[in-house]
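Going by my numbering, the first residue of the sequence shown is number 4, and it counts up by one from there.
Remarks on the structure that follows.
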Amino acid sequence: MGTGMEAKTDRRTGRRVLAWLGGIAGVVVVGVAGLGGWVAWSLNASLPQLEGTATIPGLSGPVTVERDEKGVPTLTGPDRVSLMYGLGFLHAQERYFQMDLMRRSAAGELSSLFGPLAAKFDTPRRVHRFRDRAHAAVERSSPEQRAMLAAYTAGVNAGLDGLKAAPFEYALLRQHPQPWSLEDTLLVVDAMYFDLQSSDGWDERRLELAMDQLGPLMANFLYPKGTELDAPLDGSTLPEPPMPASYTPAIKMGQAVPRQDGAPDNEAPDSEAIRGSNNWAVSGALTGTGAAMVANDMHLGLRTPNTWYRARMVVKPAGSDTPTLDLVGVTLPGNPLLVVGSNRHVAWGYTDAYVDTGDVVILEPVDGDPDRYKTPDGPKTLEKHRQVLCPAPTCPSITIEDSDWGPVIGTDAQGRKLAYRWVAHDVGAEVMTAGAALEQAGSVEEAVAIAHRLPIPNENMMVVDTKGNLAWTVVGLVPRRFGHDGTLPTSWADGKAGWNGYLSPAEVPVIANPQNGRLWTANTRVVGGDALAKLGFGDYALGGRAGQIRDDLLAKDAFTEKDLLAIQLDDRAPMLDFWQRLMLQALGERASDQALANLVAPVESWGGRAAIPSVGYRLVRTFRSALVDRLYQAYTAPLAGPAGDHANDLISHQAEGPARRLLTARPAGLVPPGYKSWDALIDAALKDVRERITQNGGDIAHFTWGDRNRLAIHHPISNIQPLLSPYLDPPGEPVAGDLYQPRVTAPSFGASERLVVSPGHEDTGLFHMPTGQSGHPRSPYYNKGHEDWVQGRATPLLPGATRWRMTLEPAKGASAP
4 MGTGMEAKTD RRTGRRVLAW LGGIAGVVVV GVAGLGGWVA WSLNASLPQL EGTATIPGLS
64 GPVTVERDEK GVPTLTGPDR VSLMYGLGFL HAQERYFQMD LMRRSAAGEL SSLFGPLAAK
124 FDTPRRVHRF RDRAHAAVER SSPEQRAMLA AYTAGVNAGL DGLKAAPFEY ALLRQHPQPW
184 SLEDTLLVVD AMYFDLQSSD GWDERRLELA MDQLGPLMAN FLYPKGTELD APLDGSTLPE
244 PPMPASYTPA IKMGQAVPRQ DGAPDNEAPD SEAIRGSNNW AVSGALTGTG AAMVANDMHL
304 GLRTPNTWYR ARMVVKPAGS DTPTLDLVGV TLPGNPLLVV GSNRHVAWGY TDAYVDTGDV
364 VILEPVDGDP DRYKTPDGPK TLEKHRQVLC PAPTCPSITI EDSDWGPVIG TDAQGRKLAY
424 RWVAHDVGAE VMTAGAALEQ AGSVEEAVAI AHRLPIPNEN MMVVDTKGNL AWTVVGLVPR
484 RFGHDGTLPT SWADGKAGWN GYLSPAEVPV IANPQNGRLW TANTRVVGGD ALAKLGFGDY
544 ALGGRAGQIR DDLLAKDAFT EKDLLAIQLD DRAPMLDFWQ RLMLQALGER ASDQALANLV
604 APVESWGGRA AIPSVGYRLV RTFRSALVDR LYQAYTAPLA GPAGDHANDL ISHQAEGPAR
664 RLLTARPAGL VPPGYKSWDA LIDAALKDVR ERITQNGGDI AHFTWGDRNR LAIHHPISNI
724 QPLLSPYLDP PGEPVAGDLY QPRVTAPSFG ASERLVVSPG HEDTGLFHMP TGQSGHPRSP
784 YYNKGHEDWV QGRATPLLPG ATRWRMTLEP AKGASAP
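Printed below as a string of structure tokens:
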């Protein structure tokens, strides 16, 4: 491959996006100190209304809003559409800046808010033209879909207008918020596609690059489809790729050898963070109540305010005291639907499915003309769209090239243009009707049927019901491929390869009511055989976490909500046992080295947990990271230049497997380039550990996991003005957990919520989440509940006693939107 890797990956989590926003905004807001009075006024005037009555146009019936001490609202109204209006009002008053960032990030329009410095972020996103796609989706939406979008949009704009001043972030940016539109609600869904899926097919391009530069044997060895740690629900296994006899890259290494001095740059736990989540379920036979139970924690970048907005939404028709719908869980500001939670009959949760949702298509030029390409219907010409990224005179313009199969996202080694066919391009307003239908599902069977027509980013859905049933399936559009398996860039020019629409509901794999009454997923491969062939390989996560959850579930025969929470908080590290033994062996072989002598005792007594006070855990974890990094740096050095912006994305999610095999066998023909022997590699890794201790102050007693795994959660404004961090951000306290066990926790990444619920038993359901409901530092419940998440406390899912009560009343004479 050549250097056509210019489209930067979007698979990194939202925490990096926010950190980047803070960096550019810090330049934009030069001189903000001089705005003190204006900002102070805006800060107070932009607080949301908590009590009293708000008379607003377009509302079809009154909606009461009762908030508890944490700001969690219970909305009660005569119909679901009225509650969408009411939720829009609350979202706008509590989270409008967050919503604005999401719609702009999806459309590639952050430059309009932050100026030309955002162009690098916007460009690869603008290529997908989601603003145009969302507008077209609204135009073709059904009356029911449009009514939902209109109600929520009207509520958002009423909430924004109801503030005495615009959200305070706009005062700092010297900007004014733009009204919400119908298409913005769909753009928020598009934003989640960027967070949860590849937008440029890097996995396919990386494998092709590795095959070109390293040869197929080495490429398949370094980038396997799974490992012995896999824990699929069907018990299937994958063949282990053979280990090459020697390392023979297609190009000479030259100077591209790994450095042997200096520790790797990624001891920070976030460096190996990948989009993900945990969920699992147990049948009613194992709960004592007859109702099944589900647990879910979704792993995202952590920030203030939280990604999610908690809510309970109750529909009580006029004149009735009996609810016809009672929803509780989390919503996503910018969209009115319940994301995960319970409706008293069915409860569900999600994890990123990692199925293959996009393909890189090689465009074969016609007669050497790069603007014309071959298709099964004959030659075609690329459509070109020139767009200016922002109104500023210095803002760049870009030219977007579109093919029949999607936008051009780069070039290959032969200079051929590459297009990206992605399921996200086909998402429309169906998300509204299907999402609303899921909210009203009465059984697992009904929920699964609805899930197969819900076009959200593909998720492993874990769903349970009051009758004790449980099921797993994949939500979202799944391509029906022909002529290829999606693992490598492919030409579709002759019509022998491509997509034939999407899998029908009957084709999407489902596992329901297994004999052992247990189901689990953790972003890893869930099935094998024909089912896996349908879903494809989307760079699944390592299987260790899923295996640990499986083992925890099989260790008990009965479960309460607190038992499932205990699994969510499991910080044991069995995956690192191999590395602890290897490190002890290495230290024993170097017993004469006094510089290493003080490492032996803490590694021996490491405890096997990602515990705050553990020195041994941090030593083992650092040793493991150093070895894996050095192995991949050495073997993939020929890829780094051609990879371009992806040069830091060359380590496989499955690197644990190849690394263990190499360090166990230590074949002479595979000594990593740049090292004289396998012992030299281990010497370098141990030196990395010592250097980390020195950088930490030199006292090994202070080299604890808690000192490394210290929270660094920020409000976007504290990224702009770090001096405001003490007033905006939660404390930077140490936390237990890591990335390879159920308790996934890193400084700026981890469980964005923890939910355990059995439908019909919501009163004993559990929930907590980091940071809190409000994005406003003067809010009385700002960051409330955060410490419950840090400590893993079993706090209630349902809102508590009413602390603030307000009513949204329809304006007289105003018609519904």
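Quick reminder that beta carbons are idealized off the backbone N, C-alpha and C, glycines included.
Under the criterion of beta carbons closer than 8 angstroms, G735 and A754 do not qualify as touching, at roughly 18 angstroms. The three-state secondary structure of N282, taken from DSSP, is strand. CA-CA distance, R575 to Q744, rounds to 7 angstroms.
Look at Q96 here: in three-state DSSP terms it is helix. Short of 7 angstroms from the beta carbon of I401, and not among the five residues preceding or following it, lie these beta carbons of its own chain, in chain order: T126, R129, Q390, L392.
Taking the CA atoms as reference points, K228 sits about 9 angstroms from R528. Assignment of A500 by DSSP, reduced to helix, strand and coil, places it in the coil class. By the Cβ neighbour-count rule, H179 is exposed, with fewer than 16 other Cβ atoms within 10 Å of its own. With contacts defined by Cβ atoms closer than 7 angstroms, L328 and V342 do not form a contacting pair.
In the DSSP annotation of this structure, the continuous segment of the alpha helix (DSSP H) that includes H138 starts and ends at 133–142. CA-to-CA, the gap between N601 and E607 works out to about 11 angstroms.
A Cβ-Cβ separation of about 7 angstroms places L189 in contact with V141 under the 8 angstroms criterion. Within the same chain, and ignoring the five residues on either side of T384 in sequence, the residues whose Cβ sits closer than 7 angstroms to its Cβ are D374, R375.
P245 is classed as exposed because its beta carbon has fewer than 16 other beta carbons within 10 Å across all chains shown.
One thing to note: L556 has its Cβ no nearer than 7 angstroms to the Cβ of G795.
A614 is the residue among A95, T639, A614 whose C-alpha sits nearest the C-alpha of W708. Assignment of I403 by DSSP, reduced to helix, strand and coil, places it in the strand class. Between the alpha carbons of A629 and R548 lies a gap of roughly 21 angstroms. For D370, there is no enclosing alpha helix (DSSP H), as DSSP marks it with neither H nor E. Note that the C-beta distance between L212 and Y226 is not below 7 angstroms. In this structure, DSSP gives T436 a helical state, which the three-state scheme calls helix. The distance from the Cβ of H388 to that of D542 is about 30 angstroms, inconsistent with a contact at the 8 angstroms cut-off. The residue among L116, V333, F124, D300 with its C-alpha nearest the C-alpha of H94 is V333. Restricting attention to G371, W408, L441, the CA atom closest to the CA of G344 is found in L441. For the options P242, M221, N223, the alpha carbon positioned closest to that of E231 is the one of P242. With distances taken between CA atoms, P719 lies nearest to P733 out of F706, P733, R713. In this structure, T493 and A500 form a Cβ contact; the two beta carbons are roughly 5 angstroms apart against a cut-off of 8 angstroms.
Rounded to the nearest angstrom, the gap between the Cα atoms of L166 and L303 is 30 angstroms. With a contact defined as Cβ atoms closer than 8 angstroms, T79 and V66 qualify at about 7 angstroms. If the five residues before and after N338 are omitted, its C-beta is found closer than 6 angstroms to the C-beta atoms of T188, V191, all from its own chain and listed in chain order. For D103, the closest of Y620, Y173, G788 by C-alpha to C-alpha distance is Y173.
Between the alpha carbons of A294 and G287 lies a distance of about 4 angstroms.
A Cβ-Cβ separation of about 7 angstroms places W475 in contact with T524 under the 8 angstroms criterion. The C-alpha of G91 lies about 7 angstroms from the C-alpha of T156.
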